[in-house]
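Every number in this note's numbering is 26 more than the matching position in the sequence shown, counting from 1.
Every residue, glycine too, gets a C-beta built ideally from N, C-alpha and C.
Nothing here was measured: the structure is a model prediction, and the numbers come from that model.
Here's the structure we're looking at; comments come further down.
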Amino acid sequence: MGPRDFDLGVYLVTDRACCGARSVDEVVSAAIRGGVTLVQLRDKNIDARPMLALGRRLLELLRPAGIGLIVNDRIDVALALDAEGVHIGQQDMPYAEARRQLGPTKIIGISVGSEAEARQAAGWDVDYVGVGPVYPTATKPDAGSALGADESARLARIAGHRAVAIGGIDATNAAALYAAGLEGVAVISAICAAADPGAATREFVRVMQKHLAHVAGS
Ligand code: TZP
Ligand code: MG
């Protein structure tokens with residue numbers, strides 16, 4: 027993986043609470059075996075030191091597999107880990123400051139949930155936008171109302187960057203998102219809370235590959 031090179035196809039976003047009795051490490055290991063293409067370390071309720079320790083353990087799993095680690099919100103943690111990049115929301119560090127701190131070689135993803143946010147992101151050198159919530163979700167109660175697949179794809183086109191959909195995505199509704207033009211799906215509960223996170227990941231990968239085969243053949 028070169029600098030700012032990544033695959034949004036099946037993007038696991040971690041959530042300790044969703045993992046239940048399992049560790050985040052265990053879920054990420056299973057997802058790697060299932061073919062996950064990118065992982066985001068996201069934890070709103072953790073101090074810097076345990077987050078750093080968790081990030082180091084995840085990097086030990088991800089690096090040999092050639093899979094990138096993106097850190098949610100915490101530019102300091104991303105820099106300390108030398109992770110591949112950060113994902114920032116609309117209330118996090120502004121894009122220009124994030125880019126200044128991270129430099130030109132790190133991936134920056136930004137959340138977009140409206141046309142105004144998409145237009146603003148169009149002016150930035152971000153690597154991807156996370157558009158959502160595409161479907162209703164209980165995982166992020168303040169996520170706003172669901173955009174739907176077509177509106178999410180429209181916002182992605184306005185932003186003019188590579189785009190991943192997020193919010194309420196499972197293996198049954200993922201195909202519609204690829205078909206609408208989203209490059210990938212970002213998923214928390216459908217993998218972290220699955221009875222078998224590896225099998226759940228594999229099912230997303232199967233849906234993605236079916237879409238890619240369809241595109242290649244048409
Ligand atoms: N941002 C928009 S919706 C969401 C985030 C972090 C939660 C996605 O979680 P799930 O369980 O995949 O719906
Ligand atoms: Mg954030």
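- Item | Neighbourhood of the ligand MG [Cβ distance below 5 Å to any heavy atom], ordered by chain position | D99, G115 and D118
- Item | Touch test, the region 145–158 against the region 186–205, Cβ-Cβ under 8 Å, three pairs minimum | yes
- Item | Residue range of the unbroken beta strand (DSSP E) whose run includes A191 | R188 to I192
- Around the C-beta of V241, are 16 or more other C-beta atoms found within 10 angstroms, so that it is buried, or is it exposed? exposed
- Item | Where T40 falls, given that 16 or more other Cβ within 10 Å makes a residue buried | buried
- What is the rounded straight-line gap between the Cα of I72 and the Cα of R42? 10 Å
- Query: Does the Cβ of T165 lie closer than 7 Å to at least one heavy atom of the ligand TZP?
  - Reply: yes
- Item | Test item: CB-CB of M77 and V50 under 8 Å | no
- Local Cβ density within 10 Å of Q116, reported as buried at 16 or more and exposed below that: exposed
- Message: Among A164, P167, V233 and A212, whose alpha-carbon lies nearest the alpha-carbon of I96?
- Response: A212
- May I ask whether a heavy atom of the ligand TZP can be found less than 7 Å away from the beta carbon of A169? yes
- Message: Using C-beta distances below 6 Å, list every residue in its chain close to G60, excluding the 5 sequence neighbours before and after it, in chain order.
- Response: G224, T227 and R228
- Would the beta-carbon of A148 be found less than 7 Å away from any heavy atom of the ligand TZP? no
- Item | Own chain partners of D176 with C-beta closer than 8 Å, once the 5 adjacent residues on each side are dropped | A206
- Which residues in the same chain as R100 place their Cβ atom closer than 6 Å to its Cβ, once the five residues preceding and following it in sequence are excluded? none
- Sequence-distant residues of its chain with Cβ nearer than 6 Å to A201 (five each side left out): V233
- Query: If L208 sits next to A182, beta carbons under 8 Å apart, how far is it from one beta carbon to the other, in whole angstroms?
  - Reply: 6 Å
- If you measure from the beta carbon of A197 to each beta carbon in chain C, is any gap under 8 Å? The structure shown contains no chain C; it is built from a single protein chain.
- Message: Contact defined as beta carbons within less than 8 Å: I believe L34 pairs with G174. What is the distance between those atoms, to the nearest angstrom?
- Response: The Cβ separation is near 19 Å, so there is no contact.
- For Q117, the three-state DSSP class (helix, strand or coil): coil
- Message: Tell me the DSSP secondary structure of A164 in three-state form.
- Response: coil
- Query: In terms of alpha-carbon separation, which member of K70, L105, K236 and T63 lies closest to P90?
  - Reply: T63
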